[in-house]
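Okay, so here's the structure we're looking at.
Residue numbers (the working numbering): 111 to 412.
Shown next as structure tokens:
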């Protein structure tokens, strides 16, 4: 992706959808320089999606406002490991009284917005603003409002970044989950190794037999972890035997094929992952939970 015009590059709906997920991932992992680079590329392409283009331009304008030093930097500089997080924190802190007013607007927007992506963006900014009301406002919002599980997880990450500690009780997926804020993984690469093994298994199989699926697998798995984090299902996943890596991997693989592609062959997937009759019950449990997740998340993406 360079700064040259890509007018001849046409982005089809599925491709636009993928890049939307990729942008969300970059913002969540605070890779703001990479996000700017990707937005420049997307805006130079033809997508036929006016709404997506407007959102990309608005997001790029916001990133330029947060990081004015990056506006005229060459692409090679943006590809380097920039300290975007520190730049954002310094920029917001330097605004003084203006940042207090901005923080209040962001807190108010949490109550007004229903769009998950907009809520995630607001939480990204609230993580670095200095305002005496932010911590308690986020705690109240998290514990008292019926939030999407993915937004709940993002709020936990925001509170952790702000140095908030303690246990909170969340109503999540039909149960009450008690979560220790400081134990919340700051990034998806900080989940326990047995959790990482599951997505690695999916990518290992899909890269050779269904390459397009591997692009979506990582982001979908991250959203699933946010969806179940802190629940009894998550605790169960941590305690399961090594064989259950294939159980969860197979459930994720089939769910992706069913919801993002033309469908999948259950028997073929079970054979690929070595799911025997002894693991059938665990697989059915994992698959049912994955379907519950898909009904919540994939409908949001449409």
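We put the CB at the ideal spot given by N, CA and C, even for glycine.
### Query
Does the count of Cβ pairs from the segment 345-356 and the segment 265-280 closer than 8 Å reach three?
no
### Query
Excluding sequence positions up to five away, which residues of its chain have a Cβ less than 7 Å from the Cβ of residue 340?
280, 282, 287, 289
### Query
Just checking my contact of residue 260 with residue 336 at CB under 8 Å: how many whole Å lie between their CB atoms?
Confirmed, about 4 Å.
### Message
Runs of 4 residues minimum, wholly inside the segment 209-282: which ones carry the alpha helix (DSSP H) assignment?
### Response
226-236, 244-254, 259-271
### Task
For residue 289, write down the residues that DSSP places opposite it in a beta bridge.
278
### Query
What's the gap between the Cα of residue 307 and the Cα of residue 300?
12 Å
### Three CB pairs or more closer than 8 Å across the segment 303-319 and the segment 351-365
yes
### Query
Since residue 346 is in the alpha helix (DSSP H), which residue starts that stretch and which ends it?
342-349
### Query
Who are the near neighbours of residue 380 in its chain, counting only those whose CB is closer than 8 Å to its CB and skipping five residues on each side?
Take residue 380, set aside five residues on each side of it, and the residues of its chain with a beta-carbon closer than 8 Å to its own are 360, 393, in chain order.
### Message
Considering just the uninterrupted stretch of the alpha helix (DSSP H) at residue 158, what are its terminal residues?
### Response
Per DSSP, residue 158 belongs to no alpha helix (DSSP H) and is neither H nor E.
### Query
Helix, strand or coil: how does DSSP classify residue 141 here?
DSSP places residue 141 in coil when its eight states are reduced to three.
#### Entry: residue 236 vs residue 217 beta-carbon contact at 9 Å
yes
### Task
Look at the alpha carbon of residue 246 and the alpha carbon of residue 383, and state the distance between them as a whole number of angstroms.
46 Å
### Message
One question on the structure: do residue 406 and residue 258 come within less than 9 Å of each other, judged by their Cβ atoms?
### Response
yes
#### Entry: Among 311, 354, 298, 364, nearest to residue 263 - alpha-carbon criterion
Ranking 311, 354, 298, 364 by Cα distance to residue 263 puts 298 first.
### Message
Tell me which residues share the same chain as residue 403 and place their Cβ nearer than 7 Å to its Cβ, disregarding the 5 neighbours each side in the sequence.
### Response
The residues are 334, 337.
### Message
Quick check on residue 296: does DSSP put it in helix, strand or coil?
### Response
coil
### C-alpha gap between residue 210 and residue 284, whole angstroms
Near 36 Å, if we compare the C-alpha coordinates of residue 284 and residue 210.
### Task
Compute the beta-carbon to beta-carbon distance between residue 399 and residue 353, rounded to the nearest angstrom, for a pair I have assumed lies under 8 Å.
Actually they do not touch by this definition, with Cβ atoms about 17 Å apart.
### Between the CA atoms of residue 395 and residue 233 - distance to the nearest angstrom
33 Å
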